[in-house]
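Trainee: Dropping a structure here in structure tokens format, bear with me for questions.
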Amino acid sequence: MVNNCKESVWPGVLGSAGHPSPKNGGFHLCSGEETVVEVPEGWSGRIWGRQGCCFDNKTGKGSCETGDCGGLLKCQGIGGVPPATLVEMTLGTPQSPLHFYDVSLVDGFNLPVSMKPVGGCVGCGVASCETNLNIYCPSALVVQRQGKVVGCKSACLAKKSDRYCCTGEFASPKSCKPSEFARLFKTNCPQAYSYAYDDSEGLKTCKAPRYVITFCPPK
């Protein structure tokens, strides 16, 4: 993981059910710093960047402006509070070597991020949202802290209705279509999931042995 942002980022790491959360689920990454996170074969989970955090050095308790996980430095199995840009992955095994990964805006956006394979094969894609969507965020979706825009809600998060969340009678690709907000996300971040059934461009596959996740990737 690489922090290319001008400010610190506190990555959160959450393993899916039955999978561990490496580094106890969270840590601090200074601007310009990078670190290696090792995960087991077949690992499935999500990673997100928290911003504007302040933690007690002794207890590890505090809070973050975005992506907060129960007020803890080490998330320990607790997911981040949306809106937060998510990196999601299900890694392969020797028997089924293909890795699946994406950058998702389904839970909204807080900072640009990318996941890029190192090695692998021809056709491996880069999952990313490289644009700062906070600049283009409609007023109805804006999240502010102390007068500063720190995040952009997804339509589902803001509207909380089946039509925007692809639930209930809209729980199928045929019945759930992208909203005007999802289309705004897609226009600015075409290589990311913009809503629940947007997997034509969003989902990437590869067999690379390593991946680089960059917060605030260069365009």
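Last residue of the sequence shown? That's 225 in our numbering, and every number before it is there in order.
Cβ atoms here follow ideal geometry from the backbone N, Cα and C, with glycine treated the same way.
This one's a predicted model, so the numbers in the text were calculated from it and none came from an experiment.
(1) Just grab the DSSP bridge partners of H105 for me.
(2) Which class does S31 belong to by DSSP, given the choice of helix, strand or coil?
(3) Are there 16 or more other CB atoms within 10 angstroms of the CB of L104, so buried, or fewer, so exposed?
(4) Which runs of the alpha helix (DSSP H) at least 4 residues long sit entirely within the segment 154-180? Give them in chain order.
(5) So Q57 and G73 are supposed to be a Cβ contact under 8 Å. How far apart are they, rounded?
(6) Hey, would you say G220 sits closer than 8 Å to V8, going by beta carbons?
(7) When you compare each of C222, L117, S27, D168 to V156 by their alpha carbons, which one comes out closest?
(8) Are at least three pairs of beta-carbons, each pair with one atom in the segment 26-37 and one in the segment 132-152, less than 8 Å apart?
(9) Under a Cβ-count criterion, where at least 16 other Cβ atoms within 10 Å of its own Cβ denotes burial, should A90 be classed as buried or exposed?
(10) Since K210 and D62 should fall inside the 8 Å C-beta cutoff, what is the C-beta to C-beta distance between them, to a whole number of angstroms?
(11) Let me check understanding here. Comparing Cα to Cα, which of A23, C130, A133 lies closest to Q82?
(12) Please state the DSSP three-state secondary structure of I141.
(13) Return the chain-ordered list of same chain residues with a C-beta closer than 6 Å to the C-beta of C60, the five sequence neighbours on each side being excluded.
(14) Just mark A177 as buried or exposed, buried being the case when its beta carbon has 16 or more other beta carbons within 10 Å.
(15) When DSSP labels each residue in this structure, what does E186 get in the three-state scheme?
(16) Indicate the three-state DSSP secondary structure (helix, strand or coil) for K67 in the structure shown.
(17) Please identify the residue among D113, T41, N10 whose C-alpha is closest to the C-alpha of C158.
(18) In the structure shown, what three-state DSSP assignment does K80 receive?
(19) Use the C-beta contact count for D205: other C-beta atoms within 10 angstroms, 16 or more gives buried, fewer gives exposed.
Mentor: Judging by the given coordinates:
(1) C212
(2) Strictly speaking, residue 31 in this sequence is Gly, with Ser absent from that position. Helix.
(3) exposed
(4) 161-165, 168-171
(5) 7 Å
(6) Checking the sequence, you will find Thr at residue 220 rather than Gly. Cβ atoms of T220 and V8: closer than 8 Å.
(7) Taking each of C222, L117, S27, D168 in turn and checking the Cα distance to V156, the smallest one comes out for L117.
(8) no
(9) In this structure A90 is buried. Its beta-carbon is surrounded by 16 or more other beta-carbon atoms within 10 angstroms.
(10) Actually they are not in contact, since the Cβ atoms of K210 and D62 sit about 38 Å apart, beyond 8 Å.
(11) A23
(12) helix
(13) Excluding residues within five positions, the ones whose Cβ falls inside 6 Å are G68.
(14) Result: exposed.
(15) helix
(16) strand
(17) Between C158 and the set D113, T41, N10, the nearest pair of CA atoms involves D113.
(18) Of the three classes helix, strand and coil, the one that applies to K80 here is coil, per DSSP.
(19) exposed
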